[in-house]
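Asks: Quick note on numbering: the sequence shown equals residues 41 to 316 in the numbering used here.
C-beta atoms are modelled at their ideal positions from N, C-alpha and C, and glycine is treated no differently.
Nothing here was measured: the structure is a model prediction, and the numbers come from that model.
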Amino acid sequence: MTKPLSTATPLLERMHATMSQNKKENDRQFVTALGRGLVILAAFEHHERLTHQQLCQMTKLPKATISRLIHTLTTLGFLRTNEHGQYQLGSSAVRLSATAWSRHDMVAYAEPLLRQFASENEVSVNLATEVEGEMRYHACCRSPARLSVNLQVGSAVPVARTAIGRAFYAASSRARQAVIINNLKESLSNEAFTHAKSALACAAEHYEQYGYTVSDGEFSTDILAVAVGVYDVATGQYAYSLNASVPSANWEADDYAAIIVPKLQALAERIGGGDA
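#1: My parser needs the alpha helix (DSSP H) runs of 4 or more residues fully inside the segment 152–232; what are they?
#2: Between the beta-carbon of Leu-224 and the beta-carbon of Val-199, is there less than 8 Å?
#3: Could you name the residues of the same chain whose beta carbon sits closer than 8 Å to that of Ile-221, not counting the 5 residues immediately before and after it, in chain order?
#4: For Gln-305, count neighbouring C-beta atoms within 10 Å of its own C-beta (all shown protein chains included) and say buried if the count is 16 or more, exposed if not.
#5: If I'm right that Met-59 touches Ala-83 with Cβ under 8 Å, what's the distance once you round it to whole angstroms?
#6: Buried or exposed for Ser-255, please, with buried defined as at least 16 other CB atoms from any protein chain shown within 10 angstroms of its CB.
#7: Where do the N-terminal and C-terminal ends of the beta strand (DSSP E) with Arg-120 fall, by residue?
#8: Tell me which residues share the same chain as Glu-151 and place their Cβ nearer than 6 Å to its Cβ, disregarding the 5 neighbours each side in the sequence.
#9: Between Tyr-127 and Leu-116, is the Cβ-Cβ spacing less than 8 Å?
#10: Could you name the residues of the same chain whose beta carbon sits closer than 6 Å to that of Gly-269, not counting the 5 residues immediately before and after it, in chain order?
#11: For Ala-267, does the count of other Cβ atoms within 10 angstroms reach 16, so buried, or fall short, so exposed?
#12: By the DSSP assignment, the beta strand (DSSP E) with Val-273 in it spans what residues?
#13: Below 8 Å between beta carbons: does that hold for Ser-169 and Phe-259?
#14: How long is the line joining the alpha carbons of Ala-289 and Val-219, rounded to whole angstroms?
#15: So, under 8 Å CB-CB, Ala-284 and Val-163 are touching, yes? Tell me the CB distance rounded to an integer number of Å.
#16: Tell me, please, which residues DSSP counts as bridged to Pro-287.
#17: Whole angstroms is fine: what's the gap from Arg-89's alpha carbon to Leu-307's?
#18: Beta-carbon separation of Ile-311 and Leu-153 under 8 Å?
#19: Starting from the C-beta of Glu-174, find all residues in its chain whose C-beta is less than 7 Å away, skip the five residues before and the five after it, and write them out in chain order.
#20: With burial defined as no fewer than 16 other Cβ atoms inside 10 Å of the residue's Cβ, what is the status of Leu-191: buried or exposed?
#21: Hey, how far is the Cα of Asn-166 from the Cα of Glu-309?
#22: Please look up how many angstroms separate the CB atoms of Val-79 and Ser-183, rounded, as I've assumed it's under 8 Å.
#23: In chain order, what residues of the same chain have a beta carbon less than 6 Å from the beta carbon of Gly-130, not counting five sequence neighbours either side?
#24: Measuring CB to CB, does Tyr-271 end up less than 8 Å from Ala-243?
#25: Quick one: Cα of Pro-44 to Cα of Ser-213, how far?
#26: Quick one: give me the first and last residue of the beta strand (DSSP E) that Ala-253 is part of.
#27: Closest to Val-171 by C-alpha separation, out of Arg-155, Ala-158, Asp-145, Ser-227, would be which residue?
#28: For Ala-83, does the three-state DSSP call read helix, strand or coil?
#29: Among all the DSSP beta bridges, which residues are the ones paired with Gln-128?
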């Protein structure tokens, strides 16, 4: 059974794990003081403002250490205090964040990873997002195997009949799901909309239990595809979904999923987290 794909690990948790690992390995090149300062900044990932006590609790650092680090970060403009004595990210942190955000291009980052994945696993792999009731392809890497459907960047496929569309719906927030359903209602006949809504509900249940969606001959009779959502840590939401497809004559759906889904989930986390 394939495990569900969890949302991205909080930055603070990841940094604590990294620092613990470096301590165990006695990494002499690792600057602990710098790491602790960055841990403080990481505490603000999901918080606009924090008190001294909250920072102590979240970072698990001694009060005296917190005080020195806060003083340094404030002096350098990475933190500031508000009228209530709480701490917030300062102008230096905001400027760095703005620069990083302006250069954030998940598709460009994903393309070489998709090519490598397609080559190593002999699958076609694609990245897409929902636009007006269809899944629009943003990156495509074809398998050496011949598939009946030749999809390219810009191609659009149905949301409800494809694994990539089902995964995007299943991973999305309830608000985004409502938008998708409304888009489908406006673009489909009543009968087609009823079928689409039912298919997406089933796909969402499957995704919640197993961490992926599947389409076995439902979009194209000779294509088997599985898909997962791609959580973008920069925006804090599922921005894309990712699929891997093969000729259905070569595989049983469960066997294919058991082999490829864990790899696809790892690829999705790598793309969404921007980790090299």
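Replies: In this structure, then:
#1: Along the length of the segment 152–232, whole alpha helix (DSSP H) runs at least 4 residues long occupy 203–211, 214–227, reported in chain order.
#2: yes
#3: Lys-237, Leu-240
#4: buried
#5: Not quite, the Cβ-Cβ distance comes to about 14 Å (not below 8 Å), so this is no contact.
#6: buried
#7: For Arg-120, the enclosing beta strand (DSSP E) has its first and last residue at 119–121.
#8: Ala-179
#9: no
#10: Ala-207, Ala-211, Tyr-278, Ser-281
#11: buried
#12: That residue, Val-273, is in no beta strand (DSSP E); it is neither H nor E in DSSP.
#13: Sequence check: residue 169 is Thr here, not Ser. Taking 8 Å as the Cβ cut-off, Thr-169 and Phe-259 do not qualify as a contacting pair.
#14: 35 Å
#15: 4 Å
#16: Beta-bridge pairing links Pro-287 to Ile-263.
#17: 33 Å
#18: yes
#19: Ala-196, Val-197, Pro-198, Val-199
#20: buried
#21: 15 Å
#22: Not really, about 43 Å apart at Cβ, beyond 8 Å.
#23: For Gly-130, where only same-chain residues beyond five positions count, the Cβ hits under 6 Å are Gly-117, Phe-118, Leu-119, Arg-120.
#24: no
#25: Caution is warranted here: a pLDDT of 47 is assigned to Pro-44, below 50, making its placement in the model unreliable, and the coordinate value is therefore given only provisionally. Straight-line Cα distance between these residues: approximately 16 Å.
#26: According to the sequence provided, residue 253 is Thr. The question's Ala does not apply to it. Note, Thr-253: beta strand (DSSP E), 253–256.
#27: Ser-227
#28: Correct three-state label for Ala-83: coil.
#29: Answer is Arg-120, bridged to Gln-128.
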